[in-house]
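Novice: Once you've had a glance at the structure underneath, I'll fire off some questions.
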Amino acid sequence: MPPMRTRCLALLILPASCLLLELPARAEPVPIDPLLVLEELSSAYAKEPIQELVQVAAMAPASSRRDTFRVRFAGESCFELKFGGILVWTEQTQAGLVLRAVHERDAQACFERAVDPRTVLEELSRELPPLPAPQLVLALRAGDAFGEPIPYARAVKWRSASLDTDATPARASLIGVGEGCSVEMICSLEPPRLISAAFEFENGGARIVIDVRPDPAPSAGNLGVPVEHRLRVGSIRELAPRMGDIAVGEPFPPMSLLRASDVLEDSAPSGEPASVEPAGPCLVVFFRQWDDDAIAAVRLAERIAPQIGSPAIHRVAVLNLGAMTAGLLDTLAALRERMGAHPFLFSVSDASTINRFATPDIGAVVVAVRDDGSVAAVARMDDRFHRRPDETDEQFRSRIDGLTDQAAREAIESFRADP
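Just so we're aligned, residue 645 is where the sequence shown starts under my numbering, counting upward by one.
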């Protein structure tokens, strides 16, 4: 008998046809009616509690984009969508179906409108960019549900469908052709769920690929959030983060700040001003102009610092100007002259800096940042810090000193508290 090594080599060089004979033959795909598959999908999404994570990739020759959203179904035309900070849902009330929406960073506003289940997607399309969610179209049976699975693919005729019984669970593949597009949709049948969909468009060579899987972090309880005490707005487009959306305990947001000295002295090592990201522990003083508010904010930061380990104090002028112009340089030069020897940073956007912590009427803010990057305290120079018409200079300084001491104690306690 040949040695074991020789016998093993002999097996490795057997013809592939001999090896294939040992494998179980895969069953041929079984042709089925595509409309029956779509009916099963439609029924499941319309009646069953389902939560899914949807990933969409839109690709074109010159660009690509990827988005993720969550969708949840609860029967009776009730669904929930969460994407880009917006939460949209429908709810059955005594008066009928209601479409509602909120922004996750605005606890005060709500959109609300009575809708017909058959036209709810039309309402959404008037308020939001088209959303590629075939299962939502199937659940609501809106319009030509089978002929327009996503807003971009119209007049789709389903030419064929085949069943793969070897897959676990069994899968069906549907092929369709529409106006200037083709589509392949894959779904499971046990239970009926969408798995993926790929759309090819003749115009421009664009392609949209949708991948669906069970939501790894499913929600419990009712759809949406309570809205009884929220202010109603007229459009979903009006929902946005409120001014001052960063709360204590949340991460200090990334922001592009520049050193004034780099611009004024043209001293940046690379020739271009480098952005600065304040890192904790630190105190960041934002101010819109160098006035009483800004001076009070700096004094507050200087009182807080020795009590929390003397971290760096970053003074940030929020100029909200446009490009690097002579006007900007003059403004920076005037600020440096008024502020003395203290170096300072600046930003040309209030939306990404001070407005993350305060409303536009607040002139200055002190933000304490822990070493883990979380916001420990926010002190706003509100109208209590403004000079009163009947105050003398001495009275004003005395009152501001008292307010500053109180604000410092509160900030220090917050900083020392467990995050």
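Ideal Cβ placement from N, Cα and C applies to all residues, glycine included. Quick caveat: nothing in here was measured; it's all calculated off a predicted structure.
#1: Report all residues from its chain with a CB closer than 8 Å to the CB of E1054; omit the five preceding and five following residues, and keep chain order.
#2: Taking the beta carbon of T997 as the centre, do at least 16 other beta carbons fall within 10 Å, making it buried, or is it exposed?
#3: Look at the Cβ atom of R815, then the Cβ atom of I852, and state whether they are nearer than 8 Å.
#4: So V1010 and A941 are in contact, right, with Cβ under 8 Å, and what is the actual spacing, rounded?
#5: Buried or exposed: where does A945 fall if 16 or more other Cβ atoms within 10 Å of its Cβ makes it buried?
#6: With a CB to CB cut of under 6 Å and the five nearest residues on each side skipped, what residues in its chain are close to L656?
#7: In whole angstroms, give me the CA-to-CA distance for E637 and I890.
#8: What did DSSP end up calling D855 once you bin it into helix, strand or coil?
#9: Quick one: what does DSSP say Q736 is sitting in, helix, strand or coil?
#10: Mapping the DSSP letters down to three states, classify Q699 as helix, strand or coil.
#11: I'd like the list of long-range same chain contacts for A850, defined as Cβ closer than 6 Å, with 5 residues on each side in sequence excluded.
#12: Any idea what DSSP makes of F727, helix, strand or coil?
#13: What's the gap between the Cα of A864 and the Cα of S806?
#14: In the DSSP assignment, find the unbroken beta strand (DSSP E) run with P836 in it and report its ends.
#15: Which value, in whole angstroms, describes the spacing of the CA atoms of I948 and H958?
#16: My output table needs one value for L772: the three-state DSSP class, helix, strand or coil.
#17: Where Q1050 and T1003 are concerned, what is the direct C-alpha to C-alpha distance, given to the nearest angstrom?
#18: List the residues that DSSP assigns as beta-bridge partners of P895.
#19: With contact counted as at least three CB pairs below 8 Å, one residue from each stretch, are the region 716-726 and the region 869-881 in contact?
#20: CB-CB under 7 Å to M983, same chain, minus the five flanking residues each way: which ones, in chain order?
#21: According to DSSP, is T871 part of a helix, a strand, or is it coil?
#22: What runs of the alpha helix (DSSP H), each 4 residues or longer, lie entirely inside the region 778-814?
#23: Have a look at M829 and V715 and give me their C-alpha separation to the nearest angstrom.
#24: For E828, which of helix, strand or coil comes out of DSSP?
#25: Taking the alpha carbon of V856 as the point to measure from, which residue in E771, L979 and V700 has its own alpha carbon closest?
#26: On the DSSP letters alone, give me the boundaries of the beta strand (DSSP E) that S708 sits inside.
#27: Would E909 be called buried (16 or more neighbouring beta carbons within 10 Å of its own) or exposed?
#28: Determine the closest residue to E894 out of D1005, G924 and G822, with distance taken between C-alpha atoms.
#29: Note down the Cα distance separating L685 from D760, rounded to an integer number of angstroms.
#30: Considering only their Cβ atoms, is the gap separating V907 from L989 smaller than 8 Å?
#31: Assign S919 to one of three DSSP states: helix, strand, or coil.
#32: What does a CB cutoff of less than 8 Å around P897 pick up in its chain, not counting 5 residues either side in sequence?
#33: By the three-class DSSP mapping on this structure, what secondary structure does S721 have?
#34: Take K691 as the anchor and find which of C831, L680 and P836 has the nearest alpha-carbon.
Specialist: Here's the rundown:
#1: Position 410 of the sequence shown, counting from 1, holds the residue named residue 1054. Excluding sequence neighbours, E1054 sits near A1021 and A1023.
#2: The sequence position of residue 997 within the sequence shown is 353, counting from 1. Under this definition T997 is a buried residue.
#3: Locating residue 815 in the sequence shown gives position 171, where the first residue counts as 1. Locating residue 852 in the sequence shown gives position 208, where the first residue counts as 1. The answer is no: Cβ separation not under 8 Å.
#4: Within the sequence shown, the letter at position 366 stands for residue 1010. Within the sequence shown, the letter at position 297 stands for residue 941. Contact holds; Cβ gap of about 5 Å.
#5: The count along the sequence shown starts at 1 and reaches residue 945 at position 301. Per the 10 Å Cβ criterion, buried.
#6: For the purposes of this step, residue 656 is taken as the residue at position 12 of the sequence shown. Per-residue confidence for L656 stands at a pLDDT of 34, beneath the threshold of 50, marking its modelled position as unreliable; the derived number appears in the next sentence. Answer for L656: no residue qualifies.
#7: Outside the shown range of the chain, which is 645 to 1063, sits residue 637, and nothing can be said about it.
#8: Within the sequence shown, residue 855 is the residue found at index 211, counting from 1. Here D855 sits in strand by DSSP.
#9: Start at 1 with the first residue of the sequence shown, and residue 736 comes out as number 92. DSSP places Q736 in strand when its eight states are reduced to three.
#10: Walking along the sequence shown from the start, residue 699 turns up at place 55. It is a strand residue.
#11: In the sequence shown, residue 850 corresponds to position 206, counting from 1. Excluding positions up to five away in sequence, the list reads A704.
#12: For this step, residue 727 is matched to residue 83 along the sequence shown. Looking at F727 - three-state DSSP - the assignment turns out to be strand.
#13: By one-based count along the sequence shown, residue 864 stands at place 220. By one-based count along the sequence shown, residue 806 stands at place 162. Taking the straight line joining both Cα atoms gives about 36 Å.
#14: In the sequence shown, counting from the first residue as 1, residue 836 sits at position 192. Where P836 is concerned, the enclosing beta strand (DSSP E) stretches over P836 to F845.
#15: One-based indexing of the sequence shown puts residue 948 at position 304. One-based indexing of the sequence shown puts residue 958 at position 314. So the two alpha carbons sit approximately 13 Å from each other.
#16: As a first step, residue 772 is located in the sequence shown; it is residue number 128 there, counting from the start. Coil, per DSSP.
#17: Numbered from 1 along the sequence shown, position 406 holds the residue referred to as residue 1050. Numbered from 1 along the sequence shown, position 359 holds the residue referred to as residue 1003. Their Cα atoms are separated by approximately 22 Å.
#18: The sequence position of residue 895 within the sequence shown is 251, counting from 1. Paired residue(s): S1018.
#19: no
#20: If you number the sequence shown from 1, residue 983 lands on position 339. Cβ within range, chain order: W934.
#21: For the purposes of this step, residue 871 is identified with residue 227 of the sequence shown, where counting begins at 1. Note on residue identity: the sequence assigns Val, not Thr, to residue 871. If DSSP states are grouped into helix, strand and coil, V871 belongs with coil.
#22: 778-784
#23: As a first step, residue 829 must be located in the sequence shown, where it is residue number 185. As a first step, residue 715 must be located in the sequence shown, where it is residue number 71. C-alpha separation (whole angstroms): 18 Å.
#24: By 1-based counting over the sequence shown, the position of residue 828 is 184. Three-state result, E828: strand.
#25: Working through the sequence shown from its first residue, we reach residue 856 at position 212. When each option's Cα is compared against that of V856, the closest is V700.
#26: On the sequence shown, position 64 is the one that residue 708 refers to. From DSSP, the beta strand (DSSP E) with S708 extends over S707 to F717.
#27: For this step, residue 909 is matched to residue 265 along the sequence shown. Exposed, by the Cβ-count rule.
#28: Within the sequence shown, the letter at position 250 stands for residue 894. For E894, the nearest C-alpha among the options comes from G924.
#29: On the sequence shown, residue 685 is found 41 positions in, with the first residue counted as 1. On the sequence shown, residue 760 is found 116 positions in, with the first residue counted as 1. Spanning the two alpha carbons is a distance of roughly 22 Å.
#30: To locate residue 989, count along the sequence shown from 1; it is residue 345. To locate residue 907, count along the sequence shown from 1; it is residue 263. No, Cβ-Cβ distance for L989 and V907 is not below 8 Å.
#31: Within the sequence shown, numbered from 1, the residue matching residue 919 stands at position 275. S919 falls in the strand class under three-state DSSP.
#32: Here the question's residue 897 lines up with position 253 in the sequence shown. So the qualifying residues of the chain are I890, S996 and R1000.
#33: Here residue 721 is taken as the residue at index 77 of the sequence shown, counted from 1. Coil.
#34: Translated into positions along the sequence shown, residue 691 becomes position 47. Nearest option by C-alpha distance: P836.
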